[in-house]
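Residue numbers (the working numbering): 7 to 885. Since the structure comes first, as structure tokens, the remarks are kept for the end.
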Amino acid sequence: MHSRDNPEGGMTQLPTGTVTFFFSDIEGSTALLQRFGADASALLDAHDAILEAAIDARRGTTLRTEGDSFFAVFASAPDAVAAAVDAQRSLAAHPWPDDGQVRVRIGLHTGAGELGGADYRGIDVHRAARIGAAAHGGQIIISESTAALLPLSPDAPELIELGAHQFKDLLQPIEIHQVVADGLDRDFPHIRSLDATTHNLPAELTSFVPRPEVGRITALLDSRRFVTLTGPGGTGKTRLALQVAAEASDDFEAVYYVPLAPVTDPELVAATIASTLGLTRSSASAERLVIDYFKGHRTLLVLDNFEQILDAAPLVARLIAAADGLKVLVTSRAALQLSGEQEFPVPPLALPNGETSVEALSKKAAVVLFVDRAAASLPDFTLTDDNASAVAEITRRLDGLPLAIELAASRVKVLAPRVMAERLRASFDVLSTTRRDLPARQQTLRNAIAWSYDLLSPTEQRLLRGMSVFRGGAVFEAIDSVCGRVLGDEHSDVLDPLEVLVHHSLVRYDPTQPTPRYAMLETIREFAWQRLTETDDCRAIQDAHLDTHVELAEEVGPHLTGPEQAYWLDAVQRERDNFRAAFAFAEESGRFDAAARIVSSLWRYLQARGLIPEGRDFASRVLVADDLDDALRLRVISAAGSLAYWAADMDDALRHYEAAVALARTLGEPRALAEALYDFAFPHLLGDRDHDAAHGALDEAAQVFAELGDSHGAARVTWARGVGAMYVDQPHLALEATLDALPDLEAAGDMTMVAWSHHMATVALLAMDRIDEALPHIKAALDLFEPVRDIAGLTLQLQNLNQLSLRTGDQEQAVIMAGAVANQQHATGMNLSEVAANAVLGLEEAYDALGEQRAGELFDQGMNTSLAEALALAREITG
């Protein structure tokens, strides 16, 4: 048994094991509500009271009431049937208004009482709901599993066999019986199953994982006559179309499914439709026969796999024009591009997005599909703590494509999810099946994609291959720059075939980005990449991709601290995977100058967005090259030193900064020398090393900046002197220097240094216990760091709030913030919060006051807090 909250207090025990589900609703409730308006509430109240009394009297439990529907559960099938009979008798005897007769349809099904939280889940709940929806007002229908549990006694209700029926979920047919008893109507129309509609929809052998797209497409069919589901191979267009057809079947006299994948001649489409309808050829053309058949009837025609016969699209337009009652649902990798067509791009299944628990992952459609199909191959397979992360990774790597997920799930008999995930990191070749009932194009994911690829022209295939060099998509200008070298020099050479690739759903166009982007699903991209590596274009494409992203990195670099910092950091974020791919190719091909230009231009992005370990690794791999020119080597050394500094690796930072000063002197570049001296001072100041050396370097840097007339550089030196004062316990001098530098930093548009000035002012004010004055500076720093998502800056503001909380006596809040800081340190490699004046002070006292256990719990709470959640708390504190 399982417990459920009772609205009147206490707990209700929910039955488990074999249970009987009860579904009911009012037939024609919408019309009833419209007719009675506000007065309808009295009718609904009477209905609710009758249903509740009947269910309660027979020991049932009402789980949900939504509008005019009831969902209840019974431990006993006879009790459930008795409750249904009681309810219908009471409803029939109630004195309803003459024009307000409330007629209720009731369906019962007995199956597994599988609990999920405080409710039931599993396929038997869906079966019961389908049965309830199929009844007519005043009727009770039950499944064979319920009927089998009723006693064979003279006073038992009579059962009328209604035969086997196929329901909208497309599972195996269910034997249905009607319950007949004194006081109940006996004669009803055919129940509302698929069998009530003439159709040839195939009975699916596997369950349908619920998708929100079903409701959206069904709604489109309500208002449109012609809907095309588009998407690349493997997105589940066919299965989705069949489900929509089943859901919408009540609205049609007939539903016909016509599979067109085997048809390659557009002239044969009309004949294929006629053959499906069972029409015999006569002197009339196949098209004429089909039109005459559809005229005067409400029919839904499902045309599956239209992409290879797009030239037959005008036939569809003629059918719709000639038969007013006809609606057409098409699946195709490309839209038919006809007047009146409503295209619906089919998205992949919902994917995990950071969820880790079994409960959370079990709500993601991609995971649900994998588990369901895996259990079909390995009956004992379930989602567990041990395999959940691997299953989540598999579904993400497969882009949520139903075909790919089904193929992967079929391999669980020979590959554990962890091993499968590892194999998928290297190749999609693991995705194949031995199922003989699938078309050849669907027996491997590669075949499914090749089906679309083979329909392209040579130029279109060449562009698709070339675009596979991009990771995470690209803007048109980048595609034109990279692929134009192969296809030609004119924009039209790329634009025309690119349009075709989008039309055929092999490339996705996203106009919602700040700059519209084109991208491929990773499964398609890897297919195209493997084809590219087999051609002579590969090296030229990779060289062009590298050159384009080196130029972009050097264009972006100077803007990463300026007034448009947020825009440019986000621009790098969007191209992050392309920069990674370009760096990897530069290293692999020995083009270390290109790799050096990328890392030295983008180090500020790597620092701000919490990718410090990755940045340090990039820099160290470049510096092993012995053929970099000195000016470029200086740029990389400076970047390596800065990334080491932010990681609080002061020894490594100083080693690089010393080398940078020496190299800058050799080059005789004043600005480079001033920057190197400025950098050199910080490991000495924060690392509590040689303060005299630090100030000597700052003095020389100030002199050079002055000679260059660089007020911005001079202001940064002033700011650095404030940092030095903070580290010799002179917070008043630190505050003075910081505030002196601030106007020139603002004038220069250096928003990074403006934000850090507010940070240093906060540190100094907190050290002097000037709490009220510190708060505006924390808020100002948050206002600058948060829009650009500077993780380093935001982490140190959480540190400041930790210190503020300690000083105001809120020790619990202080410990939570300390945990949040530790979480970000662990995730990003930004460890400056451990250095000197930034360090967490006073936590020992907080632990003593709170106790080790309570303080540990609060620290863990902070450690499990996302940056967004921590910032929300920070905003509450700062007001």
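Cβ atoms here follow ideal geometry from the backbone N, Cα and C, with glycine treated the same way. Predicted, not measured: the structure shown is a model, and the values here were computed from it.
Three-state secondary structure (DSSP) of residue i
| i | result |
| --- | --- |
| R523 | strand |
| T567 | coil |
| T45 | It should be noted that the sequence gives Asp, not Thr, for residue 45. Residue state, collapsed to three classes: helix. |
| R111 | strand |
| D633 | coil |
| H171 | strand |
| Q19 | strand |
| I197 | coil |
| Y515 | strand |
| V769 | helix |
| T305 | strand |
| L660 | helix |
| H205 | strand |
| S254 | Reading off the sequence, residue 254 comes out as Ala, not Ser. Three-state DSSP puts A254 in coil, outside helix and strand. |
| A327 | helix |
| T390 | coil |
| F214 | coil |
| R230 | coil |
Rounded straight-line distance, which links the Cα of residue j to that of residue i
| i | j | result |
| --- | --- | --- |
| H783 | H764 | 5 Å |
| A659 | S383 | 55 Å |
| G868 | A678 | 42 Å |
| A747 | A712 | 15 Å |
| V336 | E72 | 34 Å |
| A588 | R627 | 14 Å |
| I777 | L771 | 7 Å |
| L332 | D310 | 16 Å |
| R198 | H132 | 15 Å |
| E349 | D543 | 35 Å |
| E858 | R537 | 60 Å |
| A874 | Q803 | 13 Å |
| L367 | P354 | 16 Å |
| N870 | V110 | 50 Å |
| N393 | G122 | 19 Å |
| R447 | Q249 | Any reading at R447 needs caution, since the residue's pLDDT is 48, under 50, leaving its predicted position unreliable; the model's value is listed next. Whole-angstrom Cα-Cα distance: 22 Å. |
| L321 | V269 | 15 Å |
| L413 | L404 | 10 Å |
| L316 | P272 | 7 Å |
| S717 | A740 | 19 Å |
| E560 | V605 | 10 Å |
| M7 | L20 | With a pLDDT of 35 at M7, under the threshold of 50, the modelled position of this residue cannot be trusted, and the question is left open. |
Residues that residue i bridges to, as DSSP identifies them
| i | result |
| --- | --- |
| F350 | L235 |
| R127 | E120 |
| P265 | D310 |
| R70 | F77 |
| F28 | A78, L114 |
| Q184 | I147, I166 |
| T337 | L235 |
| L332 | T305 |
| V481 | R523 |
Proximal residues to residue i (C-beta, below 6 Å), its chain only, five neighbours per side dropped
| i | result |
| --- | --- |
| S395 | none |
| G835 | I618, P619, A653 |
| M774 | P737 |
| V821 | A852, A861, L864, F865 |
| D499 | L493 |
| S872 | none |
8 Å Cβ shell around residue i - same chain, five flanking residues per side excluded
| i | result |
| --- | --- |
| T567 | R610, D756, M757, T758, M759 |
| H100 | A52, I56, V108 |
| V296 | A276, I279, A280, L283, L285, L325 |
| G143 | I32, E33, G34, R109, V110, R111 |
| T305 | F258, E259, A260, V261, Y262, A329, G331, L332, K333 |
| L856 | Q817, E818, V821, L864 |
Contact set for residue i: own chain, Cβ-Cβ below 7 Å, skip 5 residues either direction
| i | result |
| --- | --- |
| L807 | I784, M823, A880, I883 |
| A707 | A680, L683, Y684, V723 |
| Y573 | none |
| R523 | G479, A480, V481, D516 |
At 3 residues or longer, and completely inside the stretch 778–859: list those beta strand (DSSP E) runs for me, N to C. none
Fully enclosed by the stretch 649–704, which alpha helix (DSSP H) runs are 4 residues long or longer? 656–673, 676–692
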